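For reference, the structure discussed in these notes is given below.
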Amino acid sequence: MKIALIGASGFIGSRLLAELTSRGHNVTAIVRNPEKVAAKPGVTAVKGDVFDKDGLAKLLAGHDAVISAVHFSASDPQTLLAAVKQSGVKRYLVVGGAGSLEVAPGVKLFDTPDFPAAYLDEARKGGAFLDLLKPEQGLDWTFLSPSALIQPGERTGKFRLGTDQLLVDAKGNSAISAEDYAVALVDELEKPAHSRRRFTIGY
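Okay, so the sequence shown: first residue is 1 according to the numbering used here, each after it adds one.
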């Protein structure tokens, strides 16, 4: 497929770029600094501004799907959504956050007393983005929330998927590697199973 990846040089975006190209997809890597994207077959790095709706829409046009891997606090959901819709691309996958996942009925992770204050703004904006997507009928969207802890690690291909509840293991840990997160999102791209839904991943 021909994929537009917004934020391709970031922590998650770079793992997605590697996973997409390893599976033979052609990727337009949309970044602020194209020189940060290593040259490799199947990758075209272009400069893009997530706050420039018309300019972004032009960059997205003609792709089979758009993947957004930008921080919620460093972008505007309304502008991103408007750009994707204006581009004519129907498939939209969003790198989500864990904060809006439920830890108990009606209780989201970012509402718990121990949630780190440093991540609260980003987490709440991620939840707001998901709320904005939920009534959206013009796009075939998917929002993938990671576990509470996502960090560099191994690509194992072995993980669990869930829906709106935070996944924890037998020891109470909630974790996923960035590499396995990328596997799950590209799996979803290739074989859609969560159309117009959020899902989550964990060990």
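Cβ atoms here follow ideal geometry from the backbone N, Cα and C, with glycine treated the same way. What you are looking at is a predicted structure, and each value in this text was computed from that prediction instead of being measured.
What did DSSP end up calling residue i once you bin it into helix, strand or coil?
| i | result |
| --- | --- |
| residue 165 | strand |
| residue 43 | strand |
| residue 206 | With the chain covering 1 to 203 only, the question about residue 206 has no answer from this structure. |
| residue 193 | coil |
| residue 58 | helix |
| residue 171 | coil |
| residue 127 | helix |
| residue 114 | coil |
| residue 18 | helix |
Just how far apart, CA to CA, sit residue i and residue j?
| i | j | result |
| --- | --- | --- |
| residue 162 | residue 199 | 6 Å |
| residue 63 | residue 1 | 8 Å |
| residue 54 | residue 75 | 15 Å |
| residue 42 | residue 114 | 43 Å |
| residue 159 | residue 126 | 23 Å |
| residue 10 | residue 104 | 31 Å |
| residue 70 | residue 170 | 32 Å |
| residue 56 | residue 80 | 8 Å |
| residue 147 | residue 135 | 24 Å |
| residue 60 | residue 26 | 13 Å |
| residue 99 | residue 109 | 5 Å |
| residue 86 | residue 142 | 18 Å |
| residue 37 | residue 29 | 8 Å |
| residue 58 | residue 6 | 13 Å |
| residue 186 | residue 117 | 31 Å |
| residue 221 | residue 83 | Only positions 1 to 203 of the chain appear in the structure, and residue 221 is not among them; the question remains open. |
| residue 203 | residue 45 | 33 Å |
| residue 193 | residue 90 | 16 Å |
| residue 8 | residue 111 | 30 Å |
Provide the residue(s) that pair with residue i in DSSP beta bridges, ordered along the chain.
| i | result |
| --- | --- |
| residue 151 | 177 |
| residue 92 | 66 and 141 |
| residue 156 | Note: residue 156 sits in no beta bridge, so no partner. |
| residue 198 | 143 |
| residue 102 | 108 and 165 |
| residue 12 | Residue 12 is not bridged to any residue. |
| residue 31 | 47 |
| residue 2 | 26 |
Would residue i and residue j qualify as a contact pair, given that the criterion is a beta-carbon distance under 8 Å?
| i | j | result |
| --- | --- | --- |
| residue 197 | residue 140 | no |
| residue 50 | residue 4 | no |
| residue 164 | residue 102 | yes |
| residue 22 | residue 96 | no |
| residue 180 | residue 155 | yes |
| residue 177 | residue 151 | yes |
| residue 175 | residue 149 | yes |
| residue 93 | residue 188 | yes |
With 16 as the cutoff for other CB atoms within 10 Å, does residue i come out buried or exposed?
| i | result |
| --- | --- |
| residue 15 | buried |
| residue 128 | exposed |
| residue 107 | exposed |
| residue 190 | exposed |
| residue 166 | buried |
| residue 157 | exposed |
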